[in-house]
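Residue numbers (the working numbering): 463 to 633.
Cβ coordinates follow ideal geometry from the N, Cα and C atoms, glycine included.
Notes for the one structure printed next.
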C-alpha cells in the first residue's frame, strides 16, 4: 500500500473547521500527525546546526559561540531549509571545518553583535577586532583577499591589522 507523507505550514484541522480543506482528505492523510515547533522557537538551535553542518560537510564542523549566538538570534522565516542554506553557504565560504560569525554573512548583518558574546579561545574575552580578523582569515583559508572581501575592508587594512595584532599565517 502506498504511503503519502505531507507537510503543511498551517494547521490543516483548522482549515477543515473553516471549510478551506476537505475533511475526507484530511482524515486520509492524518494517520500520524507530528507537530514540530518552528526553528525560532527551539532552544538548542546550535546542536541542530552542528549536526546539519556535519552532515553537509561530511566531517566534524565546529561552530563558534559567536556563530551559535548569531544562529540563535536570527528569526528564521525559512525554517530548517533556510538554516541548511545558510550553513551550506558558510561552509563554502569558510574552510569547511569551522563556522564563525563572519562565515554567516547571509544572516549576520541582521543580527547585532551582543556585548557579552564570548570567544571559544578566551572564555572571558569579548569578540574583538583581533578575533574577528583571525576568524575571517581562518574561514577564508588564509586568503587575505577573500577575508578582506568577507569583512568588507581592504587588503591593506587586513595586512596592517595582522601586523598590529601579531597575527601570523600558520605554517
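| Asked | Found |
| --- | --- |
| Alpha carbon of residue 483 to alpha carbon of residue 492, nearest angstrom | 13 Å |
| Rounded C-alpha distance that separates residue 503 from residue 557 | 30 Å |
| Where residue 633 falls, given that 16 or more other Cβ within 10 Å makes a residue buried | exposed |
| Residue 605 - containing alpha helix (DSSP H), residue span | It is not in any alpha helix (DSSP H) - residue 605 carries neither H nor E in the DSSP assignment. |
| Alpha-carbon spacing of residue 540 relative to residue 509, whole angstroms | 18 Å |
| Straight-line Cα distance separating residue 524 from residue 514 | 11 Å |
| For residue 482, the first and last residue of its enclosing alpha helix (DSSP H) | Unbroken run through residue 482: none, as it is neither H nor E. |
| Burial state of residue 613 (16 or more Cβ within 10 Å) | buried |
| Where the alpha helix (DSSP H) containing residue 624 begins and where it ends | 617–627 |
| Cβ separation of residue 595 and residue 623, assumed to be a contact under 8 Å, to the nearest whole Å | 5 Å |
| Bridge partners - residue 560, DSSP secondary structure assignment | 524 |
| Reduced DSSP secondary structure (H/G/I, E/B, other) of residue 469 | coil |
| Alpha helix (DSSP H) runs wholly inside the region 530–560, at least 4 long, in chain order | 541–555 |
| Contained alpha helix (DSSP H) runs [length at least 4] in the region 485–510, N- to C-terminal order | 485–491 |
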